[in-house]
Structure formats: C-alpha cells, structure tokens
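J.: One structure is given below, represented as structure tokens, and several questions about it will come after.
Number of protein chains: 2
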Amino acid sequence: MVRDTVLTERQIEVLRLKAQGLSTSEIARRLGTTVANVSATERKARENIRRAENTLRLVRMLEAPLSVVIKPETDLNEAVREIYRRADEAGIWISYSFPSLAVLIQQGAGEKIRGRRVLSEIEVAITREGEVMVM
Amino acid sequence: MVRDTVLTERQIEVLRLKAQGLSTSEIARRLGTTVANVSATERKARENIRRAENTLRLVRMLEAPLSVVIKPETDLNEAVREIYRRADEAGIWISYSFPSLAVLIQQGAGEKIRGRRVLSEIEVAITREGEVMVM
DNA sequence: GCATCGTTAAATTATAATGTTTAATTCGAT
DNA sequence: ATCGAATTAAACATTATAATTTAACGATGC
Chain A
1 MVRDTVLTER QIEVLRLKAQ GLSTSEIARR LGTTVANVSA TERKARENIR RAENTLRLVR
61 MLEAPLSVVI KPETDLNEAV REIYRRADEA GIWISYSFPS LAVLIQQGAG EKIRGRRVLS
121 EIEVAITREG EVMVM
Chain B
1001 MVRDTVLTER QIEVLRLKAQ GLSTSEIARR LGTTVANVSA TERKARENIR RAENTLRLVR
1061 MLEAPLSVVI KPETDLNEAV REIYRRADEA GIWISYSFPS LAVLIQQGAG EKIRGRRVLS
1121 EIEVAITREG EVMVM
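Chains as they are written, first to last, in our numbering: chain A, 1 to 135; chain B, 1001 to 1135.
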C-alpha cells in the first residue's frame, strides 16, 4: 500500500480508470485481465471505502465525551428528552430538533426499537459538536 | 469485524477502554494480556484509522472533476496561477487565497518542490467544492 | 432468441495483517 | 540514578484478505 490507505494498488487503479469513464471491459483489457476480475476488484474497493467511512464514524463515537444509555421499555420520546437533558448538563448543544432526533435514533437503532418502544438497550454517543450517533 | 470497519474487535476494545481513561496496564489486566500487547494493538488501531482517513482523501481526489499537472521547472507562483486559471475555466471557485494555496501545494508536494522550483511532475486535484489536493 | 455488458459465486493460491511473547528501550518524575 | 509506565522491535503462528480463474447468472437492446 504505497499511499498508506486501505485500498490496494490494484483497487486504486481500477477506481481511477472508472472515474475517468472507462468501461469495465476497457479496464480489463488495459490491465490484462478478465472483466469478472475488474468487477470484483472494484466491488472490494468500494467495500473498503465504506469500511473506512464506518471506521471514522466509530472513532468519533468512541471519542465522544458523553454517552447516554437507553434502557429497554423506554418510550422513544422519553429517550429523546433524556438525551437533551444529559447533553444540557454537559454543556453540549444538540444540533437536532426533537422530531428529527427521534427519527435519527429510531433509524440508527434498527431492530432495537419497535414503534415508540425501546426493546433492547441502546447506547447513544454525543460529540462535543452536538452530533448524535447510535452505537 | 462486526461493525464492518477496518479495525478488529480487539483494537476497538482497546480504543474504547483508552477513551474511558484506563491506563495501558489496567487494560492489559482486563484483557488478560501483556502491556506490550495492548500498546502494540493500540498503535495498529491508530495506523488503521490514519489509513481510513487517507483513503477517503484519496477517493475525493479520484472523484475530483479537475486535475492539473504541474511540469518540472515550473515556478511555484506560476503553478498557483495555472491552478486558478484552470479552476476558473471549469467554473470552480478555489477556496484558498494565493499565498495559502502556495503553502498547501508546497507542503503537499514534499520533495517534489525545492524552494519555489518544481523538481518533478506534480498532479493537483480540485474538487467540485474548490478543495485542492496534491496527489 | 441472442449478443453485449456487467455482476456474482465458488474455489484456489498468494500475500498481508493480526495477536502474541520476550527483551530491549524510552520517557518522566522523583 | 532509578522507579514505574509505556513504547518499540523481532519473531512466530494464526487468521484474514487479495487477486485470479471459471462458470453461471442478470439485465438491456435489437
């Protein structure tokens, strides 16, 4: 990894040629390999990019100065109120309105919330910048 | 990798405990291993995080709609003017002043520039947002 | 139907990264 | 100077990921 990224030289080369508008078969011809190979390589490259994004998000969460644990059986509205309260105590200004924060948590929690009821424990991280993330 | 990141479970665990303020030896005790092991694991974790950052920067460069190639023997000031000119043509507003752009390029180019003289070819990518990156 | 183009799956080989230990080293503070 | 805490290096076994091929599958246009 010459550039010190999570992509291999091959993956970078494929992405570069794709970005230049070349078709998969053209890239395959240039690199002297099969279309299937190029396609698979591009796929892995994009997986790695997604992983890199997830990594930075996780790190932000780990570094978050405040984490709020929502217990099972809590109502979603109560959970949101709790988050506001705790952030307030910590002197952090949440950058979301009540409804949009509720949506954010509902989506981030996935199966851990059904309707407005919290089914299993959720950990919510709040960054210094008021960003809210579900762990 | 449960969270689909470039970090391993072990690395995440070490980072989490570190973020909670535990000392290396406390973490070692908890994880049932040596201090050296924890230290090395944390180091690798941070390397991976840096790689993730570099990856996203590279991807932004690859997706950049404009790339300017600076030839050897060019004067740094001329290079900067060239970048402004080409961005202008492409309807992109460079978000840097002349001097700060010169500094940015000088730093990004490393050994490729000595003083104000470009020694070997430099490729500069310009994003839609006017961000400038040396490839 | 049948080319064309691309994606996906499975299997294999090659390559690279991880976790771990031991020992040596660095760094601050006292 | 030395004590405690942390980092680094070297070496190894283990595990994970990459690249590649072949074959099958899925669209899309004619």
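Just so it is clear, CB atoms sit at the ideal spot from N, CA and C, and this is done for glycine as well. Please read all numbers here as calculations on a predicted model, not as lab measurements.
1. Under a CB-based cut-off of 9 Å, is L104 of chain A close to chain B?
2. My output table needs one value for R1060 of chain B: the three-state DSSP class, helix, strand or coil.
3. Would a check of beta-carbon distances place I1126 of chain B closer than 9 Å to chain A?
4. Could you have a look at E123 of chain A and say whether DSSP puts it in helix, strand or coil?
5. Report yes if the C-beta distance between R16 of chain A and L1056 of chain B is below 9 Å; otherwise report no.
6. State the DSSP-derived secondary structure class of L1022 of chain B, mapped to helix, strand or coil.
7. I need the straight-line Cα distance from E123 of chain A to D4 of chain A, nearest angstrom please.
8. Output, in sequence order along the chain, the residues in the region 1003-1023 of chain B whose CB is closer than 8 Å to any CB in chain A.
9. Just to confirm, is the Cβ distance from M1133 of chain B to T1127 of chain B under 9 Å?
10. Answer yes or no: do K1112 of chain B and S1100 of chain B have a C-beta to C-beta separation smaller than 9 Å?
11. For a cutoff of 9 Å on Cβ pairs, would you count R43 of chain A as touching chain B?
T.: The short version:
1. As a position in the first sequence, residue 104 of chain A is number 104, starting the count at 1. So, not an interface residue.
2. In the second sequence, residue 1060 of chain B corresponds to position 60, counting from 1. It is helical.
3. Position 126 of the second sequence, counted from the first residue, corresponds to residue 1126 of chain B. Not an interface residue.
4. Sequence index remark: in the first sequence, residue 123 of chain A carries index 123 (1-based). Residue state, collapsed to three classes: strand.
5. The sequence position of residue 16 of chain A within the first sequence is 16, counting from 1. The sequence position of residue 1056 of chain B within the second sequence is 56, counting from 1. No; because the gap between Cβ atoms is not below 9 Å, this pair is not in contact.
6. Working through the second sequence from its first residue, we reach residue 1022 of chain B at position 22. Coil.
7. Locating residue 123 of chain A in the first sequence gives position 123, where the first residue counts as 1. Locating residue 4 of chain A in the first sequence gives position 4, where the first residue counts as 1. If you take the alpha carbons of E123 of chain A and D4 of chain A, they lie about 33 Å apart.
8. R1003, D1004, T1005, V1006, L1007, I1012, L1015, R1016 and A1019
9. To locate residue 1133 of chain B, count along the second sequence from 1; it is residue 133. To locate residue 1127 of chain B, count along the second sequence from 1; it is residue 127. Taking 9 Å as the Cβ cut-off, M1133 of chain B and T1127 of chain B qualify as a contacting pair.
10. What you label residue 1112 of chain B is simply residue 112 of the second sequence in a count that begins at 1. What you label residue 1100 of chain B is simply residue 100 of the second sequence in a count that begins at 1. No. Outside cutoff.
11. Residue mapping note: residue 43 of chain A aligns to position 43 of the first sequence, counting from 1. Judged by the 9 Å Cβ criterion, R43 of chain A is not in contact with chain B.
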